[in-house]
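Beneath this line is the structure, given in structure tokens, with notes to follow.
Protein chains in written order, with the numbering used here: chain A, 52 to 471; chain B, 52 to 471.
As structure tokens, this is what we get:
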């Protein structure tokens, strides 16, 4: 019998691990709750009508056409049973010899139910489509609204979270609204009625960036008419209003929550290993779960300490981890010694808009058009599929030149939140 | 006061009429239940994962960026009040001086509730996305299904209706399944388990085509492993089964209903004018509603007789009608005599798959690759937006060469029909 490896999650880490292990003499089951691999870093471009879903999501099975030893299973994992070596799904229990947890993260509302109910998350494709539908719908409703208070509230868009997701979403919203939408809603007064607000709990945006790039970010956002509120902590949220800790009230129907992530909840719920506050499985230097050498965890759902701090929840951590963990599984099978994981920082970057980005890599710092150009190239190279590479490059160029947004389609019957 | 023209429906006719009238000294309100113009003839390519929604839907407001005299209104029209000259929507009553009804058609279930409940329509973007999600999901479920009967039922796809929509859908499904899907579901036996069936009530497919092209269509479909059943009338439908009038039972979870259309129901419901059996407003030679010279109806929601027969529900009828009706409105405003509408047949075409189509125009007949090539060019030229023209052309070429389908994304939580 060949060893059976189960991989939970078809994100950056899961796909890479499966690709590497597929070449070995093993059987693999790859489980994911979606039938596609999502290029998360560009999710904000779907939510702001720039890219289509086909451009950032790629059918998972298409990666493994030639790998008959890989089975894909569309399922929500409910629980882990590390004692009996089983992954429990609604359809069946999947036995494993080796397990890779690369299941990623979900939005973290830090236990505040009112935010889970009344804000829009930014982690899944469905959430991005919801934001797109909702924002477009707010403009349609605002144009026929006669009460100026309600109209202003409908056109106030708040992003909570001053990390890359929040910054990118706020910048992209500004471009969507002030370039594409402004030309087409002849009856709305954009200067008077539209507000885009970015709420950051800390003293600066993009805290992982060097100070001058943080300032550049502030400057560009200001130019894009995004109002940045620093040291501002979201305290309460209803359908019509966001309240800050200092009592400030912001009337709005749109709060986009980009304030944090936590590991997928089934790991902590399974009570099978030690997890940190964000529900991430704490792993050894070799990426294993202590006392369960056959179980590995990588990426957003793993807590790996390096230089006294857990690694950040970014794609390269997951990709680099997947290489070491697949090598270690092969080492285990062949009774060879395991390798310790060392993360090599590839820097951080954030795009604030079309033609504008900031990036830092060690001592190298860049901003403006060329930072954006590199950002674009890096992302393009990592997108799955040659066809997509071409169309996305075309779309970005087209957009830079024409300022249009082809994705402004309301596809869903507005959800209940819109029936306020 | 400038005359106020209300146009209901932003399809082929509505958009064209609005574009023509926008140049005149009038105010226009364009009302549609969607915020986009849909290129209906390619809807089947969205339902079969070929094109993305952005490629066949174009934001309606984007057509009228420079026309300040056009207001767009996103609303479901509920009723017409021709006496008080009002169009009634949930938000407000819209007064008009002149009215163009270009509201199109919806699926016709001919009063059979069980088909409305248990089949998939093919008229709206949402319906196309539903079909896409459902078909992909059936394959995921079938692969893990152990009961061979149930598996076979999940992989039996039935299209009802032997007109262009049914033929195109069946052909495209075959390509999706036997080119893209077959490579990726390693555990399924496609020869044994998959069936694609096309049900036609009449004695031949595409009755408007000359006999040799009908036979060509049969031949190509057979090659694509589509089982065509002629003189077969759908009589009953449950969640698991389609029953024909002769008693034949086809176990299936997927019945796609392409058997007919009727005018949008609000016209007949308004009891304001004479309608035919399909709910279409019967119009005069000048496209007016009798006794209401200020009200015009065109396209799928109008019944216009020529050569003793009502015109077919195809795009050119609507486009040609929109030109005459906008000219007639200007004539009315200026007290000039009206023009009678004469439809010029532009022939009919249907594509049976990538590289294969049939077309007839008067005595000219074509089939095979060059018919497909012309079909492709005609459709491309009529798609809104240069960017879209390029990406769609690329996608079709890419698909012809590689046989891939990038749109195979399950985006919705499967609807209740999938929880059988």
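The beta carbon of each residue, even a glycine, is placed where N, CA and C say it ideally should be.
Treat the numbers as computed from the prediction; the structure is a model and nothing was measured.
Alpha carbon to alpha carbon, how far is residue j from residue i? Give it in angstroms, no decimals.
{"i": "residue 140 of chain A", "j": "residue 305 of chain B", "result": "25 Å"}
{"i": "residue 323 of chain B", "j": "residue 315 of chain B", "result": "14 Å"}
{"i": "residue 173 of chain A", "j": "residue 216 of chain A", "result": "8 Å"}
{"i": "residue 300 of chain B", "j": "residue 241 of chain B", "result": "21 Å"}
{"i": "residue 403 of chain A", "j": "residue 218 of chain A", "result": "6 Å"}
{"i": "residue 459 of chain A", "j": "residue 111 of chain B", "result": "9 Å"}
{"i": "residue 152 of chain A", "j": "residue 91 of chain B", "result": "44 Å"}
{"i": "residue 349 of chain A", "j": "residue 64 of chain A", "result": "7 Å"}
{"i": "residue 134 of chain A", "j": "residue 401 of chain B", "result": "59 Å"}
{"i": "residue 394 of chain A", "j": "residue 365 of chain A", "result": "11 Å"}
{"i": "residue 198 of chain B", "j": "residue 130 of chain A", "result": "26 Å"}
{"i": "residue 145 of chain B", "j": "residue 59 of chain B", "result": "11 Å"}
{"i": "residue 358 of chain B", "j": "residue 208 of chain A", "result": "57 Å"}
{"i": "residue 414 of chain B", "j": "residue 426 of chain A", "result": "56 Å"}
{"i": "residue 362 of chain B", "j": "residue 392 of chain B", "result": "11 Å"}
{"i": "residue 283 of chain A", "j": "residue 220 of chain A", "result": "18 Å"}
{"i": "residue 302 of chain B", "j": "residue 233 of chain B", "result": "22 Å"}
{"i": "residue 419 of chain A", "j": "residue 290 of chain A", "result": "37 Å"}
{"i": "residue 117 of chain A", "j": "residue 74 of chain A", "result": "11 Å"}
{"i": "residue 490 of chain B", "j": "residue 286 of chain B", "result": "Examination of residue 490 of chain B is not possible in this model, given that chain B is present from 52 through 471 alone."}
{"i": "residue 243 of chain A", "j": "residue 171 of chain A", "result": "25 Å"}
{"i": "residue 293 of chain A", "j": "residue 321 of chain A", "result": "34 Å"}
Quick one: what's got a C-beta closer than 7 Å to residue i's C-beta in the same chain, skipping five residues either side?
{"i": "residue 442 of chain A", "result": "106"}
{"i": "residue 194 of chain B", "result": "236, 238, 239"}
{"i": "residue 159 of chain B", "result": "311, 312, 313, 329"}
{"i": "residue 256 of chain B", "result": "213, 218, 265, 268, 269, 279"}
{"i": "residue 375 of chain A", "result": "338, 390, 392"}
{"i": "residue 53 of chain A", "result": "76, 77, 78"}
{"i": "residue 61 of chain B", "result": "81, 83, 88, 111"}
{"i": "residue 448 of chain A", "result": "none"}
{"i": "residue 142 of chain B", "result": "126"}
If I'm right that residue i touches residue j with Cβ under 8 Å, what's the distance once you round it to whole angstroms?
{"i": "residue 250 of chain A", "j": "residue 280 of chain A", "result": "5 Å"}
{"i": "residue 97 of chain A", "j": "residue 183 of chain A", "result": "7 Å"}
{"i": "residue 227 of chain A", "j": "residue 456 of chain A", "result": "6 Å"}
{"i": "residue 398 of chain B", "j": "residue 421 of chain B", "result": "Contact doesn't hold; Cβ gap of about 15 Å is too wide."}
{"i": "residue 82 of chain B", "j": "residue 56 of chain B", "result": "Residue 82 of chain B to residue 56 of chain B, Cβ: 11 Å. No contact."}
{"i": "residue 462 of chain B", "j": "residue 176 of chain A", "result": "6 Å"}
{"i": "residue 191 of chain B", "j": "residue 125 of chain A", "result": "4 Å"}
{"i": "residue 371 of chain A", "j": "residue 271 of chain A", "result": "Contact doesn't hold; Cβ gap of about 30 Å is too wide."}
{"i": "residue 189 of chain B", "j": "residue 206 of chain B", "result": "7 Å"}
{"i": "residue 334 of chain A", "j": "residue 353 of chain A", "result": "5 Å"}
{"i": "residue 307 of chain A", "j": "residue 210 of chain A", "result": "5 Å"}
{"i": "residue 288 of chain B", "j": "residue 161 of chain B", "result": "Between residue 161 of chain B and residue 288 of chain B the Cβ distance is about 12 Å, and since that is not below 8 Å, they are no contact."}
Spatial neighbours of residue i within its chain, please: C-beta separation below 6 Å, excluding the five flanking residues on both sides.
{"i": "residue 468 of chain A", "result": "Confidence is the limiting factor: at residue 468 of chain A the pLDDT is only 35, short of 50, which leaves the residue's position unreliable and the question unanswerable from this model."}
{"i": "residue 71 of chain A", "result": "377"}
{"i": "residue 380 of chain B", "result": "149"}
{"i": "residue 466 of chain A", "result": "Any reading at residue 466 of chain A needs caution, since the residue's pLDDT is 39, under 50, leaving its predicted position unreliable; the model's value is listed next. Answer for residue 466 of chain A: no residue qualifies."}
{"i": "residue 122 of chain A", "result": "80"}
{"i": "residue 483 of chain B", "result": "Nothing about residue 483 of chain B can be reported from this structure: the residues present for chain B run from 52 to 471 only."}
{"i": "residue 445 of chain B", "result": "none"}
Excluding the five sequence neighbours on either side, which residues of its own chain have a C-beta within less than 8 Å of the C-beta of residue i, listed in chain order?
{"i": "residue 260 of chain A", "result": "268, 399, 401, 409, 411"}
{"i": "residue 432 of chain B", "result": "440"}
{"i": "residue 114 of chain A", "result": "66, 69, 70, 88, 435"}
{"i": "residue 95 of chain A", "result": "173, 179, 216, 219, 220, 223"}
Using a Cβ-Cβ cut-off of less than 9 Å, give me the residues of the stretch 79–90 of chain B that come near chain A, in sequence order. 85, 86, 87
Mind listing which residues of the stretch 221–245 of chain B have their C-beta closer than 9 Å to chain A's C-betas, in chain order? 231, 232, 234, 235, 236, 237, 238
In chain order, which alpha helix (DSSP H) runs of at least 4 residues are fully inside the stretch 365–413 of chain B? 366–384
Go through the stretch 309–372 of chain A residue by residue and report every complete run of the beta strand (DSSP E) that reaches 3 residues or more, in order. 312–314, 343–348
Beta strand (DSSP E) runs wholly inside the stretch 189–241 of chain B, at least 3 long, in chain order: 207–211
Quick check on the DSSP output: what are the complete alpha helix (DSSP H) runs of length 4 or more inside the stretch 55–143 of chain B, in order along the chain? 63–72, 94–98, 104–107
Closer than 8 Å, Cβ to any Cβ of chain B: which residues of the stretch 413–428 of chain A, in chain order? none
Please give the ranges of any alpha helix (DSSP H) in the stretch 251–318 of chain B, keeping only runs that are unbroken, at least 4 residues long and fully inside the region. 262–274
Check each residue of the stretch 147–179 of chain B: if its Cβ is closer than 7 Å to any Cβ of chain A, include it; give the result in chain order. 176, 177
Using a Cβ cut-off of 7 Å, which residues of the stretch 101–114 of chain A contact any Cβ in chain B, in chain order? 103, 104, 105, 108, 110, 112, 113
Could you please tell me which residues of the stretch 355–386 of chain B, in chain order, have their CB closer than 7 Å to any CB of chain A? none
Scan the stretch 252–285 of chain A for residues whose Cβ lies nearer than 7 Å to a Cβ of chain B and list them as they occur along the chain. none
Complete runs of the alpha helix (DSSP H) confined to the stretch 160–192 of chain A [at least 4 residues]: 164–169
Cβ-based contacts, 7 Å cut-off: residues of the stretch 181–199 of chain B near chain A: 187, 191, 195
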